[in-house]
Amino acid sequence: IQMTQSPSLLSASVGDRVTLSCKAGQNINNYLAWYQQKLGEAPKLLIYNANSLQTGIPSRFSGSGSGTDYTLTISSLQPEDVATYFCQQYNSWTTFGSGTKLEIK
Amino acid sequence: EVQLVESGGGLVQPGRSLKLSCAASGFTFSDYYMAWVRQAPTKGLEWVASISYDGGSTYYRDSVKGRFTISRDNAKSSLYLQMDSLRSEDTATYYCTTIGNYGWFAYWGQGTLVTVSS
Numbered sequence: 002i003q004m005t006q007s008p009s010l011l012s013a014s015v016g017d018r019v020t021l022s023c024k025a026g027q028n029i030n031n032y033l034a035w036y037q038q039k040l041g042e043a044p045k046l047l048i049y050n051a052n053s054l055q056t057g058i059p060s061r062f063s064g065s066g067s068g069t070d071y072t073l074t075i076s077s078l079q080p081e082d083v084a085t086y087f088c089q090q091y092n093s094w095t096t097f098g099s100g101t102k103l104e105i106k
Numbered sequence: 010e011v012q013l014v015e016s017g018g019g020l021v022q023p024g025r026s027l028k029l030s031c032a033a034s035g036f037t038f039s040d041y042y043m044a045w046v047r048q049a050p051t052k053g054l055e056w057v058a059s060i061s062y063d064g065g066s067t068y069y070r071d072s073v074k075g076r077f078t079i080s081r082d083n084a085k086s087s088l089y090l091q092m093d094s095l096r097s098e099d100t101a102t103y104y105c106t107t108i109g110n111y112g113w114f115a116y117w118g119q120g121t122l123v124t125v126s127s
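Heads up: the sequence lines are chains A and B, in that order.
Taking the working numbering, I'd label the letters of the first sequence as residues 2 to 106.
Taking the working numbering, I'd label the letters of the second sequence as residues 10 to 127.
Here is the structure:
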């Protein structure tokens, strides 16, 4: 299943509400996860099952969506949120999106 | 605290073999499906292989079927990836991960870099 993330690069200011998009090639029944990868580090799970927050992840991160369209929202962007964000579907085997790089303006 | 520590990466010539290891601690290893996920330099993430709790079932992406073998030793809390007939396109950082109930990758090691080049 093809996963398309947009935008590929996002620049926002500290305190902004930020929305990242992930679109699946077919219905993935909410079997979607989001990961954060900081430069030089391993990915970290943020959200699973489209909207469940992983233990220890700040509540400013949230996930939503259904069917083929999903969103990761950061309610108030912090400097430490600079990273690349990947979505992953696990409805049919598993595939990742190509990522959205988030920068501070 | 969950810890996954990969080892065994390095520079290898095309057509040769390499075996990666992952030492797990901080959780009951035998309770989890495990997987290897790779990331080519400056590229995205790609699932490579998965293995069931007892090693009885294994799964591979098409491009590595017949060349890579995933295995585990629950007594040693260790995961392995035997990589044969390596190709330049296998060059990547390889991550050891746990698999959540439905297929998300909950915990990740720091990764080990495999470079396939003559």
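In this text, a Cβ means the ideal position worked out from N, Cα and C, and glycines have one as well.
{"Item": "Run through the DSSP bridge pairs and tell me what L42 of chain B is partnered with.", "Value": "It is worth fixing the name first, because residue 42 of chain B is Tyr in this sequence and not Leu. Its beta-bridge partners are B:I108."}
{"Item": "Quick one: what's K45 of chain A bridged to in DSSP?", "Value": "A:Q37"}
{"Item": "Counting only Cβ pairs nearer than 9 Å, list the residues of chain B close to Q89 of chain A.", "Value": "L54, W56, G112, W113 and F114"}
{"Item": "Less than 9 Å between the C-beta atoms of C23 of chain A and L33 of chain A, yes or no?", "Value": "yes"}
{"Item": "Grab me the residues of Q48 of chain B's own chain with a C-beta within less than 6 Å of its C-beta, minus the 5 sequence neighbours each way, in chain order.", "Value": "L54, A101 and T102"}
{"Item": "Is E104 of chain A helix, strand or coil when you go by DSSP?", "Value": "strand"}
{"Item": "Please report the straight-line C-alpha distance between G120 of chain B and I2 of chain A, rounded to a whole angstrom.", "Value": "26 Å"}
{"Item": "In terms of alpha-carbon separation, which member of A:Y86, A:A84, A:R61 and A:T95 lies closest to G16 of chain A?", "Value": "A:R61"}
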